[in-house]
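>
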Amino acid sequence: MKLFGGIEAGGTKFVCMIGTDPEHLSKEERFPTTTPRETIRKVTEFFLPYVKSGELAAAGIASFGPLDLHPDSPTYGYITTTPKEGWSQVNLYGEICRSLNVPVAIDTDVNAAAFGEQYWIPENRSLDPFLYVTVGTGIGVGAIINGSPLHGLLHAEAGHFALPHDWQRDPFPGVCPYHNDCLEGLASGLSMAKRWEQKPEHLPASHPAWDLESDYIALALVNLIYAYSPQRIILGGGVAQHPGLIQDVRCKVRQFMKGYLRSSMLMERIDEYILPPALGNRSGGLGAIAMAANLAA
Ligand SMILES: [Zn+2]
1136 MKLFGGIEAG GTKFVCMIGT DPEHLSKEER FPTTTPRETI RKVTEFFLPY VKSGELAAAG
1196 IASFGPLDLH PDSPTYGYIT TTPKEGWSQV NLYGEICRSL NVPVAIDTDV NAAAFGEQYW
1256 IPENRSLDPF LYVTVGTGIG VGAIINGSPL HGLLHAEAGH FALPHDWQRD PFPGVCPYHN
1316 DCLEGLASGL SMAKRWEQKP EHLPASHPAW DLESDYIALA LVNLIYAYSP QRIILGGGVA
1376 QHPGLIQDVR CKVRQFMKGY LRSSMLMERI DEYILPPALG NRSGGLGAIA MAANLAA
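For any residue, its number in this note's numbering is found by taking its place in the sequence shown, counting from 1, and adding 1135.
#1: Unbroken alpha helix (DSSP H) runs of length 4 or more, entirely within the region 1206 to 1251: which are they?
#2: Opposite residue 1156 in the DSSP bridges: which residues?
#3: When the Cβ atoms of the region 1225 to 1241 are set against those of the region 1342 to 1361, are three or more pairs found closer than 8 Å?
#4: Compute the Euclidean distance between the alpha carbons of residue 1155 and residue 1362, then round it to the nearest angstrom.
#5: Could you tell me if residue 1278 is buried or exposed, where buried requires 16 or more neighbouring beta carbons within 10 angstroms of its beta carbon?
#6: Assuming contact is defined by CB atoms lying nearer than 8 Å, are residue 1423 and residue 1158 in contact in what I supplied?
#7: What residue does the beta strand (DSSP E) around residue 1198 start on, and which one ends it?
#8: In chain order, what residues of the same chain lie with their CB nearer than 6 Å to the CB of residue 1375, ignoring the 5 residues before and after it?
#9: Given 7 Å as the limit, tell me if residue 1324 has its C-beta closer than that to any heavy atom belonging to ligand 1.
#10: With three or more beta-carbon pairs closer than 8 Å as the criterion, would you say the region 1382 to 1390 touches the region 1296 to 1310?
#11: Would you check if the distance between the CB atom of residue 1288 and the CB atom of residue 1276 is smaller than 8 Å?
#12: Using the beta carbon as the reference atom, which residues fall closer than 6 Å to any heavy atom of ligand 1, ordered along the chain?
#13: Should residue 1290 be labelled buried (16 or more other beta-carbon atoms within 10 Å of its own) or exposed?
#14: Given a cut-off of 8 Å on the beta-carbon distance, is the pair residue 1252 and residue 1369 in contact?
#15: Pick from 1321, 1334, 1392 and 1328: whose alpha carbon is nearest that of residue 1356?
#16: In angstroms, rounded to a whole number, what distance separates the CA positions of residue 1433 and residue 1431?
#17: Is there contact between the region 1136 to 1153 and the region 1410 to 1429, where contact requires at least three CB pairs shorter than 8 Å?
#18: I want to know whether the region 1192 to 1199 touches the region 1208 to 1222 - three or more CB-CB distances under 8 Å.
#19: Bridge partners of residue 1367, per DSSP?
#20: Inspect the beta-carbon positions of residue 1185 and residue 1138 and report whether they are closer than 8 Å.
#21: Rounded to the nearest angstrom, how far is the Cβ of residue 1427 from that of residue 1193, given a contact under 8 Å?
#22: Does DSSP put residue 1284 in a helix, a strand or coil?
#23: Assuming residue 1242 contacts residue 1204 (C-beta within less than 8 Å), just tell me the rounded distance between them.
#24: From the DSSP secondary-structure annotation, give me the bridge partner or partners of residue 1139.
#25: According to DSSP, residue 1276 sits in a beta bridge with which residue or residues?
#26: Out of 1312, 1317 and 1358, which one is the CA nearest neighbour of residue 1300?
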């Protein structure tokens, strides 16, 4: 039997999975991200029995970034300039290729999540462009356009969109180390924790934090809708799963567009248009398995 490996490489933890599809995983393991050497050794050990038995057909990596994804670059698949200590200029792709000795695909965690949500969910398959937006500790956007994950000059960083910032309503300066009050600086889980001095999961539903948060997310989605004309948007990440938030975001997206785009999907059917991830919080790892399955197909 042919099995596919998925590696979700995060800044705080790595998740390894192996199986044929989301319903048929043989094994799954998570461990903290330590040094590159130790972490990559643990990945290798996880997959080794399947490499030896010849069952592992291909692997996918859904990685934190920034990543070099230029196919012609001598440092393809490297993590480039991360503030994460010890991980700058690490050849993640090359090391995994060498130790597993099977075809390997690599992409950003958000592009992999977008790919997985589209690949494994039949009703998403034909929807293109297809966006995955995550609002968790940070904010990221993955895009599948014309069937492929979007790359370009570098990779898209829509988490750093500039947004209108009403300083009277929200005097908080933002937390982005580069821009202060970009989208991530104003609306990430980290910014909520700093602004309100408690973790977002502890903020009650009646707290004004959530009205502000749904405003920022809805503004970002409106910009994304104008820029990419997506056929569906998946809104993932821990903060976005707060009860009632996605409903507020849908209402505000419609409201902020002021009827500019005439589509029944945006008007009457927005409940089918902006959806939580069908793969839950495993879109990244299962997306990596999808990339592996796609590579082996
Ligand atoms: Zn920023």
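Glycine residues also receive a C-beta, built at the ideal position from the N, C-alpha and C atoms.
The structure says:
#1: 1227 to 1235
#2: 1159
#3: no
#4: 35 Å
#5: buried
#6: no
#7: 1191 to 1198
#8: 1270
#9: no
#10: no
#11: no
#12: 1295, 1311, 1313, 1314, 1317, 1319 and 1320
#13: buried
#14: yes
#15: 1392
#16: Since the first residue of the chain shown is 1136 and the last is 1432, residue 1433 is not available in this structure.
#17: yes
#18: yes
#19: 1265
#20: yes
#21: 4 Å
#22: strand
#23: 7 Å
#24: 1154 and 1193
#25: 1268
#26: 1317
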